[in-house]
Amino acid sequence: MEEREIFVTRSSMPSFDEYIEAIKPLWDSHWLTNMGTFHRQLEAELRGYLDVPCLSLTVNGHMALELVIQALDLPEGSEVITTPFTFISTTHAIVRNRLVPIFCDVKCEDGNIDETKIEALITERTSAILPVHVYGNICAVEAIDEIAARFGLKVIYDAAHAFGVKVGGIGVGNFGDASIYSFHATKSYHTIEGGAAAFADPRLYDRLYNLKNFGIRGEELVVSVGSNAKMNEFAAIMGLCNLRRIDEALASRKAVAELYDERLSDVRGIRRFAPRQDATKNYAYYPIVVEDDYPLTRDELYAELKNTGIHCRKYFYPLTSDQACFRNKYRDVPLDTARDLSDRVLVIPMYEGMEHHDAERVMQCVARVD
Ligand SMILES: *Cc1c(COP(=O)(O)O)cnc(C)c1O
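Using my numbering, the letters of the sequence shown correspond one by one to residues 3 to 372.
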């Protein structure tokens, strides 16, 4: 019998009735975007939930990153030290700001930028460091911020995967000069499409406001050149509904993750990442690393799972530095660990409401038992 397909993720959603009830006020106000009531309410609620001093909502995570880099006003053509083990958005945001990505190798235990290799990459052209908290595993933020302070560099964290994570009791958005979040439908918390930048300097809020709204400051006043990257009210309301259910969503993901943890602990050749112990977990993804003593390669395991209707993702393969648009364009830095991880990693299905017997099916296939 054909079993149904299992996808790597499935968007969390409030009940139909809850969302419909929540969007009703829009039919009274007819105010659908342009920093409306719900945009302002979601900014306030997320400042609280993420434990950050300032937050600006955007149309998506990529624009949050692109605009926050622009708002920091880094010298044109300067170098930004970053990780190639990420979603392509991270590297695009650097290059679209006319900056030069310098790829740094990552650590095998958590997939994050190797902070011990950053200093050797710093030159007089370096202006910033842009690490990613990959899978919600938190970088060595203290060491990275210390290096940045010593060399007078800015730090922008791509926290697209790190929604709600706290490290040493502090919201992860408090490190560096700014952090960006993605609220894309496939992320653990979402607003359909959306994103945010979090930061401490209130002047950044004004700069981002201008950048996301054409620099318009009055009916007849445009103060700077800006883009259009506002979050609309339907998205903000989806965000408010999903924030109300965040504990429930987290508990559901956690139950699946614990089932996987238990089943995988004795599967030879399958390694799991070891994130920092002092950081909370948001169960955004469930990545596994296929080592040499596993009977199949990562690609073979991927194909075998796919044949049984289980759709995993090779996040992140290829490295962004190896993509056609960036290959051989930037400084040639050894990326051995990143490349090895990229060949071995597989993100297996995990989402809110995943049936445990579906998780069992995934495990049977990974553990190669019938
Ligand atoms: C999803 C993601 C982004 C971009 O976010 P969007 O909301 O899709 O624009 C940026 N960086 C990383 C690491 C991501 O996973």
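Ideal placement from N, C-alpha and C gives every residue a C-beta, glycine not left out.
DSSP state of residue i mapped onto helix, strand, coil
{"i": "Ala305", "result": "helix"}
{"i": "Thr299", "result": "coil"}
{"i": "Met3", "result": "Because Met3 carries a pLDDT of 48, less than 50, the predicted location of this residue cannot be relied on, and the following value inherits that uncertainty. Coil."}
{"i": "Leu266", "result": "helix"}
{"i": "Tyr21", "result": "helix"}
{"i": "Asp160", "result": "strand"}
{"i": "Ile290", "result": "strand"}
{"i": "Lys168", "result": "strand"}
{"i": "Val10", "result": "coil"}
{"i": "Ala130", "result": "strand"}
{"i": "Arg333", "result": "coil"}
{"i": "Gly138", "result": "helix"}
{"i": "Val143", "result": "helix"}
{"i": "Arg247", "result": "coil"}
{"i": "Arg315", "result": "strand"}
{"i": "Tyr191", "result": "coil"}
{"i": "Val108", "result": "strand"}
{"i": "Tyr282", "result": "As written in the sequence, residue 282 is Thr, which differs from the Tyr given in the question. Looking at Thr282 - three-state DSSP - the assignment turns out to be coil, as it is neither helix nor strand."}
Residue i classed as buried or exposed, judged by whether at least 16 other C-beta atoms fall within 10 angstroms
{"i": "Leu223", "result": "exposed"}
{"i": "Lys26", "result": "exposed"}
{"i": "Ile22", "result": "exposed"}
{"i": "Ser1", "result": "Nothing about residue 1 can be reported from this structure: the residues present for the chain run from 3 to 372 only."}
{"i": "Arg185", "result": "Before going further, note that residue 185 is Phe rather than Arg in the sequence given. Buried: at least 16 other Cβ atoms inside 10 Å."}
{"i": "Val174", "result": "buried"}
{"i": "Val61", "result": "buried"}
{"i": "Cys367", "result": "buried"}
{"i": "Val134", "result": "buried"}
{"i": "Met3", "result": "Residue placement at Met3 cannot be trusted, given a pLDDT of 48 that sits under 50; the coordinates are not used to answer."}
{"i": "Cys314", "result": "buried"}
{"i": "Asn212", "result": "buried"}
For residue i: DSSP bridge partner residues
{"i": "Ala60", "result": "Rather than Ala, the amino acid found at residue 60 in this sequence is Thr. In the DSSP output, where bridge partners are listed per residue, Thr60 has Gly197."}
{"i": "Pro55", "result": "Note: Pro55 sits in no beta bridge, so no partner."}
{"i": "Ala66", "result": "Ala66 is not bridged to any residue."}
Anticipated Cβ contact below 8 Å, residue i with residue j, distance rounded
{"i": "Leu59", "j": "Ala238", "result": "7 Å"}
{"i": "Arg273", "j": "Glu293", "result": "5 Å"}
{"i": "Val102", "j": "Glu117", "result": "That belief does not hold up - the Cβ atoms of Val102 and Glu117 are roughly 20 Å apart, past 8 Å."}
{"i": "Ile96", "j": "Ile120", "result": "Rounded, the Cβ-Cβ distance is 15 Å, inconsistent with contact."}
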